[in-house]
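What follows is the structure, given as C-alpha cells:
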C-alpha cells in the first residue's frame, strides 16, 4: 500500500441535541482542515467531540456535508453516508479504548487487513519503534502506563494508513513535556504523509505548543480560525477572550483619540485609571471592553523610567498566589484591580509581598479591545 | 439406577445447549444492540419460560406441532412423523424452555463490553461481524460459558415440558427426571435416590463452575429459577 493521497478535510455539520434543547444547544459549524496539525480548541461542552464523531462516522449530522479530498463521506442532501469502517479516518479517543484482551502488538496490528505476514511484521515493527513502544509488544494494556497507552493508541490508528487523523484530547492526562514528545513523534511520522490531523484540546497551552493552525469553537459555533497566534491574540468576541485566558477584562470609556499616534486613551469604569490602547474604529465616549493577559503585564517594585511601554500604573499588591511555578499578583490601583503573572524568582528578588507598592507596566498593544457581549451576533 | 435415562438426559442437554449457542448468540446480540423501541416485548418473550409453568409451554408445543396444525403437518411432510413423543420433539421444546438461560447471560455479557471498543474497531476499518468475533465475543467468554452451562443444566433438570411433549417412552423420551418420578411412583426409593443423587451432584458441580467463573467476570447475572 502506498502513501494515501493527501487531501483537505472539509466538514459542514448541523446537529441538534434534543436532550439539551432546553439549553438550545445546536452544533452548527463549517471547517476546513488542511494537511498538518490543526487544533480544535474550545471549552468542555462546546461540541468538539461531536464534530470528531461526525467526521469519523460514529454519529450522523442532521444536515451537512463532509468530504476528504474529493471523496464525499457524508451528504445529507444526496443521502450519502459512508460507514465508519470504510472512511479510513484514524480516531484516537480520550479513553484510548485499547482492546484489553489483546497484547500491545495485537492492538497495534488490529486494523490490518489480510496482508502477508512478512509485510505485517515489518510495518508493525516500524511503528512500534517510531512510537517507542517496541519493548512493550507482549504486554497487555492493563500492564502499561498512561503515556505508553497513548502511544499504543496512536500507533494503532496510524498503522491503517488513515487519510486523516482525529485526536480527542488523547493526551489529556499527560504533562506537557511528554505530550510535546509524542506530538513530535507524530509530526515526524506525518512529515512524509501530510495527512490532515485534527487535535482537540481545551488547554490554551497545548494549543500554542502543538498546532500549526487553530479553530476555536464555543457553544457549537466557530469563533475564529487561523494560526494559534492569530486566533488567541486577536479575540473579537468576549467568550473567546475568556476561553483564551484573558485574566483582566475591564469596562472602559474612550476619552481621547490620538490618530497620528495610532492610539486611544480609555478611562476604566469606576476608577481614575487611564489606559492607552491601539486605535480602533471606536469614537470618543464609546463604551468598550479591554482585555489584558496576566502574562503581558510587567510588575516593577520602583517607578520605572524611560520605557517604551505607554502605560505605567501605580498600585498596591493585594495578594500573591502561587500555583506550581506561577505566581499571580493581585494589584489594586484606584478602583481597578489587575492580575499579573510573575515567577517565584522575580517575587523573591524584588521582595514583593502583599501591601507593597508596585508599578504595572502594560504595552498598548497588549490591550485588546473586545466587542461587547450584547453587540455580538448569535 | 437407570443409566439409559441419565445418558438420554445428557444427550438431550448437550444437543439443546449447542443449538442454544447457535440461536442464542444472535438473539442476544440483537437484544444488546438494538435500539428498536418495542424491544422490551422481545425481551419479555425471551424471558417467558422463566415464569410460565412448563405444562403451559409443553401444551402449546403439543398443539403447535400436533398433526392437526399446519406447522405439524409441514414437519411431518419433511421428516415423516410428527414432533410430539419423539426425541426431536423434546429438543424443540427444551430449546424454547431453556432459551432465557442462554440468552440472558449472553446479552448481559455483550452489554458489558465498552461501546468505545466497538467504535474503536469500526474506525480501524473492521466491520460488524469481525468486530463481534474479534472484540465482543472474546470479552464475553465468561457470559457465553455461563449461558452454555446454565442451559445445559436447566435442560438436564426439566420435567414438566418433557412429560407433556415427550410422554414417557423408555430410551426415547424417558429422561432422568422422569425416571425418578417413575421410581417414586413404584415406591422404589433407593433407585430414585441413586438417580436423584447423580443429578444433584451434577447440578451442584455445574453451578459451582458458573459462580466460580463469574467471580472474576465484569457482569452480573441474577440467577432466577423458573423450574417447577
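Residue numbers (this note's numbering), protein chains in the order written: chain A, 132 to 509; chain B, 2 to 229. Built from N, CA and C at the ideal position, the CB exists for glycine as well.
Integer-rounded CB distance, given that residue j should sit under 8 Å from residue i
i, j, result
"residue 471 of chain A", "residue 425 of chain A", "5 Å"
"residue 187 of chain B", "residue 111 of chain B", "Rounded, the Cβ-Cβ distance is 47 Å, inconsistent with contact."
"residue 343 of chain A", "residue 167 of chain A", "5 Å"
"residue 114 of chain B", "residue 137 of chain B", "5 Å"
"residue 464 of chain A", "residue 444 of chain A", "5 Å"
"residue 149 of chain B", "residue 18 of chain B", "5 Å"
"residue 403 of chain A", "residue 117 of chain B", "Incorrect: roughly 57 Å between the Cβ atoms, too far for contact."
"residue 204 of chain A", "residue 197 of chain A", "5 Å"
"residue 384 of chain A", "residue 418 of chain A", "6 Å"
"residue 329 of chain A", "residue 297 of chain A", "5 Å"
"residue 157 of chain B", "residue 200 of chain B", "7 Å"
"residue 276 of chain A", "residue 409 of chain A", "Not really, about 48 Å apart at Cβ, beyond 8 Å."
"residue 166 of chain B", "residue 90 of chain B", "5 Å"
"residue 448 of chain A", "residue 487 of chain A", "5 Å"
"residue 203 of chain B", "residue 152 of chain B", "Wrong, their Cβ atoms sit about 14 Å apart, outside the cutoff."
"residue 346 of chain A", "residue 169 of chain A", "6 Å"
"residue 407 of chain A", "residue 442 of chain A", "6 Å"
"residue 283 of chain A", "residue 264 of chain A", "6 Å"
"residue 186 of chain A", "residue 211 of chain A", "Wrong, their Cβ atoms sit about 14 Å apart, outside the cutoff."
"residue 473 of chain A", "residue 438 of chain A", "Incorrect: roughly 17 Å between the Cβ atoms, too far for contact."
"residue 94 of chain B", "residue 62 of chain B", "5 Å"
"residue 415 of chain A", "residue 386 of chain A", "7 Å"
"residue 159 of chain A", "residue 351 of chain A", "6 Å"
"residue 83 of chain B", "residue 59 of chain B", "With a Cβ gap of about 15 Å, residue 83 of chain B and residue 59 of chain B do not count as contacting."
Neighbour list for residue i in chain A, Cβ cutoff strictly below 7 Å
i, result
"residue 121 of chain B", "224, 228"
"residue 128 of chain B", "216"
"residue 136 of chain B", "230"
Within chain A, partners of residue i - CB distance below 9 Å
i, result
"residue 140 of chain B", "230, 231, 232"
Under 7 Å by beta carbon: chain B residues contacting residue i
i, result
"residue 220 of chain A", "124"
"residue 242 of chain A", "125, 126, 127"
Status (buried if at least 16 other CB within 10 Å, exposed otherwise) for residue i
i, result
"residue 315 of chain A", "exposed"
"residue 131 of chain B", "exposed"
"residue 218 of chain A", "buried"
"residue 293 of chain A", "buried"
"residue 260 of chain A", "exposed"
"residue 55 of chain B", "buried"
"residue 401 of chain A", "exposed"
"residue 134 of chain B", "exposed"
"residue 170 of chain B", "exposed"
"residue 221 of chain B", "Low confidence applies here, because residue 221 of chain B scores a pLDDT of 43, under 50, leaving its location unreliable; read the following figure in that light. Exposed."
"residue 41 of chain B", "exposed"
"residue 216 of chain B", "exposed"
"residue 222 of chain A", "buried"
"residue 140 of chain A", "buried"
"residue 14 of chain B", "buried"
"residue 205 of chain B", "exposed"
"residue 482 of chain A", "exposed"
"residue 453 of chain A", "exposed"
"residue 287 of chain A", "buried"
"residue 175 of chain B", "buried"
"residue 72 of chain B", "exposed"
"residue 504 of chain A", "Interpretation of residue 504 of chain A is limited by its pLDDT of 42, a score under 50 that renders its predicted location unreliable; the figure taken from the coordinates is listed afterwards. With fewer than 16 other Cβ atoms within 10 Å, it is exposed."
"residue 241 of chain A", "buried"
"residue 159 of chain B", "buried"
"residue 196 of chain B", "buried"
Proximal residues of chain B, C-beta to C-beta of residue i below 8 Å
i, result
"residue 291 of chain A", "125, 126"
Proximal residues of chain B, C-beta to C-beta of residue i below 9 Å
i, result
"residue 287 of chain A", "121, 125"
In chain order, which alpha helix (DSSP H) runs of at least 4 residues are fully inside the stretch 234-264 of chain A? 235-239, 248-261
With 8 Å as the C-beta to C-beta threshold (strictly closer), list the residues of the stretch 100-119 of chain B near chain A in chain order. 115, 117, 118
Listed in chain order, which residues of the stretch 64-92 of chain B have Cβ atoms closer than 7 Å to some Cβ of chain A? none
At 3 residues or longer, what runs of the beta strand (DSSP E) sit wholly inside the stretch 54-88 of chain B? none
In chain order, each beta strand (DSSP E) run of at least 3 residues that lies wholly inside the stretch 447-489 of chain A: 457-464, 467-473
Length-filtered (3 minimum) beta strand (DSSP E) runs lying within the stretch 262-320 of chain A: Within the stretch 262-320 of chain A, the complete beta strand (DSSP E) segments of 3 residues or longer fall at 295-299, listed in chain order.
Whole alpha helix (DSSP H) elements within the stretch 179-244 of chain A, 4-residue minimum: 179-187, 235-239
For the stretch 175-191 of chain A, enumerate the residues whose C-beta is nearer than 7 Å to any C-beta of chain B, in chain order. 187, 189
For a minimum of 3 consecutive residues, which ranges assigned as the beta strand (DSSP E) are wholly contained in the stretch 380-443 of chain A? Whole beta strand (DSSP E) segments, 3+ residues: 394-399, 405-409, 418-423, 429-431.
Segments of 4+ residues assigned as alpha helix (DSSP H) that fall wholly inside the stretch 162-219 of chain B: 177-186, 190-215
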